[in-house]
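Okay, so here's the structure we're looking at.
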Amino acid sequence: MAEAIKTLRGAFSESQVVLPSADDYATLNTSYLSKAQGELQPSAIFLPQDRDDVAKFVRLIGPLALQGKVKFAVRGAGQQPALGCNNIEGGITIDLRHLTGIHLKEDSSSVSVGAGERWGEVYSKLQESGLAVTGSRSSLGGIGGLSLSGGLSFFSSREGFITDNVINFEAVLASGEVVNANANENADLFVALRGGGNNFAIVTRYELRAFKQGKFWGGSVFYFPNSFPDQVEAYVKELKDPEATDETHIMIGAGYSAAYAQISEIMCMNQVYYTKEVENPPVLDPYVNMQPQLDAMKSVRMLNLVEAANQQAGHGSSTSRVSYMNTTVKADVPTLMAAYETYVNSLGPLKAVEGLTTSITLQAYPKSLLNKTSPAGGNSLGINPSDGPLMSVLILSFWQNSDDDDKIQSTFKNVLEAIDQDAAARGTAVPYKYMNYAAPFQDPIESYGEENKNKLQAASKKYDPKGLFQKCVPGGWKLFD
Ligand SMILES: Cc1cc2nc3c(=O)[nH]c(=O)nc-3n(C[C@H](O)[C@H](O)[C@H](O)COP(=O)(O)OP(=O)(O)OC[C@H]3O[C@@H](n4cnc5c(N)ncnc54)[C@H](O)[C@@H]3O)c2cc1C
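First residue of the sequence shown: 643, per this note's numbering; consecutive thereafter.
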């Protein structure tokens, strides 16, 4: 480790190699979504200023890492909570925050975005020209996590997965070489990066397909569990309607928070969007007008993209411990209701956990979205459009104390396993696990299926023959486990 730090300090300015003794170390290392991530203590945080710094880092540190002298982590905006995926105990964390710059192509067909940007900045820039891209619903989300793993946006039903909308990755390979990966150049790497996470390269720039987008209608609605079954029914009915519009984006969920427990043990929340400038579109009626509801908390209105993404960012927190885990099932009412019941029935012993806010959220992968993958050049996720429509089941939790880590994680791990088993028994199970929502115990790469895993492994052997990103970047989900 000492040799690696000495090498870095010889090659870069002091302010770029931040050691634990430096004033800004604590600020940088606590700027993760999950407090637990910031409890990992890297021996140094490296702050590249541009792509060439990243390449120089890989050329200098790669050989030392392959000799077993140092390990490193790659961090975008640090929003993913899976422990160790973007930070590392006793290694070097490369924090890409200074790789900024948003450049709209002259013909407005795409935008090139530095790996250190956040979605909110991209949306602000594009909105000036009446444009948008598929990206995180949260303005605070980083570009990398979603662009390398799949990703749902407000516009996914109409425009496809976020990763399918990346048309070029500018990437630093394990050799330090900078390459482009797109449909024509390094096409196997292009498809591998669409779902392969941090296994192939450090991506320094993303070119994202842009499209025209005006204001749209949407927001949140809070209501009570007696209406939840109707919501699930309506959602599945819409997804199975061959005439369904591709302008809706709907998340329905239920959860527990001590803050709301006096109103109702379980509160339900829908986040609903209609991505055209239409007030009160009838297709959203079932998800907006149920009664009773908490009228004072209803926020459905006409929004621009920046407002919508800022509203979503408000649901985040950086002072709590955070866990995501997910599975996928077919859009089937009995399966989804069983998932909801299993989750709700598990909550009793957890209600004493300090600061607990937890939810189960259903969000669709409609057929319209799945059908976009092939024309966009393919990805590595292994989802067969003919299996659709599918439903993502996300269990999200925020809490305060490390003493409760195991209790939360093991309770919801059991819930997820029970949901998968129940779905298997009904014939509605789907292997896919979304990497960006995965817990450390999950294996999204395995869930892509053998054929895709084999292709990912072949791409790794070709572009990273010594296995730098497999052996020396241990965080995230690896290809040969
Ligand atoms: C309020 C809120 C809203 C959200 N909304 C959405 C949403 O709308 N849709 C959705 O799909 N998810 C959503 N999420 C999930 C969240 O956006 C992701 O977990 C987050 O975007 C991760 O991105 P990041 O750039 O911060 O990645 P990080 O957490 O920094 O990294 C995640 C992984 O990607 C790797 N990585 C990141 N950048 C690079 C790079 N340049 N090169 C190589 N590897 C890299 C890291 O090594 C790590 O393994 C939301 C989360 C919150 C808290």
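Just so you know, even glycine gets a beta-carbon here, dropped at the ideal spot from N, CA and C. A quick note: this is a predicted structure, and the numbers were derived from the prediction, not measured.
Could you tell me the boundaries of the alpha helix (DSSP H) in which Y985 lies? Taking the first residue of the sequence shown as position 1, residue 985 is located at position 343. Per DSSP, Y985 belongs to the alpha helix (DSSP H) from 975 to 987.
Short Cβ contact (9 Å threshold) for L746 with L788: The residue given as residue 746 occupies position 104 in the sequence shown. The residue given as residue 788 occupies position 146 in the sequence shown. Going by C-beta atoms, L746 is not nearer than 9 Å to L788.
Taking CB distances under 9 Å as the criterion, tell me whether N1094 reaches chain C. Among the protein chains of the structure shown there is no chain C, as only one such chain exists.
Reducing DSSP to helix, strand and coil, say where E748 ends up. For this step, residue 748 is matched to residue 106 along the sequence shown. Note: E748 maps to coil in three-state DSSP.
Per DSSP, the bridge partner or partners of E849: Position 207 of the sequence shown, counted from the start, is the residue given in the question as residue 849. S754, N810.
Taking its Cβ as the centre, do 16 or more other Cβ atoms sit within 10 Å of D1106, making it buried, or is it exposed? To locate residue 1106, count along the sequence shown from 1; it is residue 464. Result: buried.
Apart from the five residues just before and just after R651, which ones in its own chain have a Cβ nearer than 7 Å to its Cβ? Residue numbering aside, residue 651 sits at position 9 when the sequence shown is read from its first letter. Cβ within range, chain order: V659.
Taking only three categories from DSSP, how would you classify D888? Your numbering for residue 888 matches position 246 in the sequence shown. If DSSP states are grouped into helix, strand and coil, D888 belongs with coil.
Backbone secondary structure at F797 - three-state DSSP: Residue 797 sits at position 155 when you count from the first residue of the sequence shown. Correct three-state label for F797: coil.
Is any heavy atom in ligand 1 found nearer than 8 Å to the beta carbon of A1101? For the purposes of this step, residue 1101 is taken as the residue at position 459 of the sequence shown. No, ligand 1 has no heavy atom inside 8 Å of this Cβ.
So is R943 buried or exposed if we call it buried at 16+ other beta carbons inside 10 Å? Against the sequence shown, residue 943 aligns to sequence position 301. It counts as exposed.
Say yes only if the C-beta of I905 is nearer than 8 Å to one or more non-hydrogen atoms of ligand 1, and no if none qualify. Translated into the one-based positions of the sequence shown, residue 905 becomes position 263. No, the beta carbon of I905 sits no closer than 8 Å to any heavy atom of ligand 1.
Can you name the residues that DSSP bridges to Q913? Your numbering for residue 913 matches position 271 in the sequence shown. Q913 is bridged to S862, M893.
In whole angstroms, what is the alpha-carbon distance linking G958 and Y1079? Residue numbering aside, residue 958 sits at position 316 when the sequence shown is read from its first letter. Residue numbering aside, residue 1079 sits at position 437 when the sequence shown is read from its first letter. Residue confidence for G958 is low, a pLDDT of 46 falling below 50, so the modelled location carries little weight; the figure read from the coordinates is stated next. Distance between the alpha carbons of G958 and Y1079 is about 14 Å.
Out of A903, V863, E919, point me to the one whose CA is closest to G895's CA. The residue labelled residue 895 in the question sits at position 253 within the sequence shown. With distances taken between Cα atoms, G895 lies closest to V863.
Reference A981, options A644, S899, A1067, closest by Cα: By 1-based counting over the sequence shown, the position of residue 981 is 339. Comparing Cα-Cα distances from A981 to each of A644, S899, A1067, the minimum goes to A1067.
For V874, write down the residues that DSSP places opposite it in a beta bridge. Along the sequence shown, read from residue 1 onward, the residue named residue 874 stands at position 232. Bridge partners of V874: none, in fact.
Can the beta-carbon of N840 be found closer than 9 Å to that of N822? If you number the sequence shown from 1, residue 840 lands on position 198. If you number the sequence shown from 1, residue 822 lands on position 180. No.
Just to check, is the beta-carbon of G762 closer than 8 Å to a non-hydrogen atom of ligand 1? Looking up residue 762 in the sequence shown gives position 120. The answer is no for G762.
What is the DSSP secondary structure of Y898, reduced to helix, strand or coil? Position 256 of the sequence shown, counted from the start, is the residue given in the question as residue 898. Correct three-state label for Y898: strand.
Anyone know if the C-beta pair for K1009 and G1030 falls short of 9 Å? What you label residue 1009 is simply residue 367 of the sequence shown in a count that begins at 1. What you label residue 1030 is simply residue 388 of the sequence shown in a count that begins at 1. Yes; because the gap between Cβ atoms is below 9 Å, this pair is in contact.
So F715 is in the beta strand (DSSP E); what residue range does that whole segment cover? Your numbering for residue 715 matches position 73 in the sequence shown. A small correction: the amino acid at residue 715 is Ala; Phe does not occupy that position in the sequence shown. Residues 714 to 717.
Taking its Cβ as the centre, do 16 or more other Cβ atoms sit within 10 Å of E885, making it buried, or is it exposed? Taking the sequence shown and counting its residues from 1, one reaches residue 885 at position 243. Looking at its Cβ environment, which holds fewer than 16 other Cβ atoms inside 10 Å, E885 is exposed.
Could you check if Q722 belongs to the surroundings of ligand 1, using beta carbon to heavy atom distance under 8 Å? The residue labelled residue 722 in the question sits at position 80 within the sequence shown. Because some heavy atom of ligand 1 lies under 8 Å away, the Cβ of Q722 counts as near it: yes.
Taking Q1005 as part of the beta strand (DSSP E), name the residues at either end of that continuous run. Residue numbering aside, residue 1005 sits at position 363 when the sequence shown is read from its first letter. Note, Q1005: beta strand (DSSP E), 999 to 1007.
Going by C-alpha distance, which of M643, A834, S962, G784 is nearest L706? Residue 706 sits at position 64 when you count from the first residue of the sequence shown. It is M643.
Anyone know if the C-beta pair for V964 and S676 falls short of 9 Å? Working through the sequence shown from its first residue, we reach residue 964 at position 322. Working through the sequence shown from its first residue, we reach residue 676 at position 34. Cβ atoms of V964 and S676: closer than 9 Å.
Counting only the same chain and skipping the five closest in sequence on each side, list residues whose C-beta sits under 8 Å from that of T649. The count along the sequence shown starts at 1 and reaches residue 649 at position 7. Around T649: L702, I703, L706.
Distance, Cα to Cα, N671 vs S962? Residue 671 sits at position 29 when you count from the first residue of the sequence shown. Residue 962 sits at position 320 when you count from the first residue of the sequence shown. Looking at the two C-alpha atoms, the distance is approximately 14 Å.
Coil, strand or helix - Y667 by DSSP: Your numbering for residue 667 matches position 25 in the sequence shown. It is helical.
Hey, out of G784, K767, L1121, C1114, whose CA is closest to I730's CA? For the purposes of this step, residue 730 is taken as residue 88 along the sequence shown, with counting starting at 1. Looking at the Cα atoms, C1114 is the closest of the given residues.
At a threshold of 8 Å, does C910 count as lining ligand 1 (C-beta to nearest heavy atom)? Locating residue 910 in the sequence shown gives position 268, counting from the first residue. Incorrect: C910 has no Cβ contact closer than 8 Å to ligand 1.
How big is the Cα-Cα spacing for D1061 and T984? Taking the sequence shown and counting its residues from 1, one reaches residue 1061 at position 419. Taking the sequence shown and counting its residues from 1, one reaches residue 984 at position 342. The sequence given here has Ile at residue 1061, not Asp. Taking the straight line from one Cα to the other gives about 7 Å.
So within the segment 919 to 944, which uninterrupted alpha helix (DSSP H) runs reach at least 4 residues, ignoring any that extend past its ends? 927 to 930
Shorter than 8 Å, the distance from the beta carbon of Y1079 to the closest heavy atom of ligand 1, or not? As a position in the sequence shown, residue 1079 is number 437, starting the count at 1. Flag set: Cβ of Y1079 near ligand 1.
C-alpha gap between S798 and E645, whole angstroms: Reading the sequence shown from its first residue, position 156 is the one you call residue 798. Reading the sequence shown from its first residue, position 3 is the one you call residue 645. Cα-Cα distance, rounded: 46 Å.
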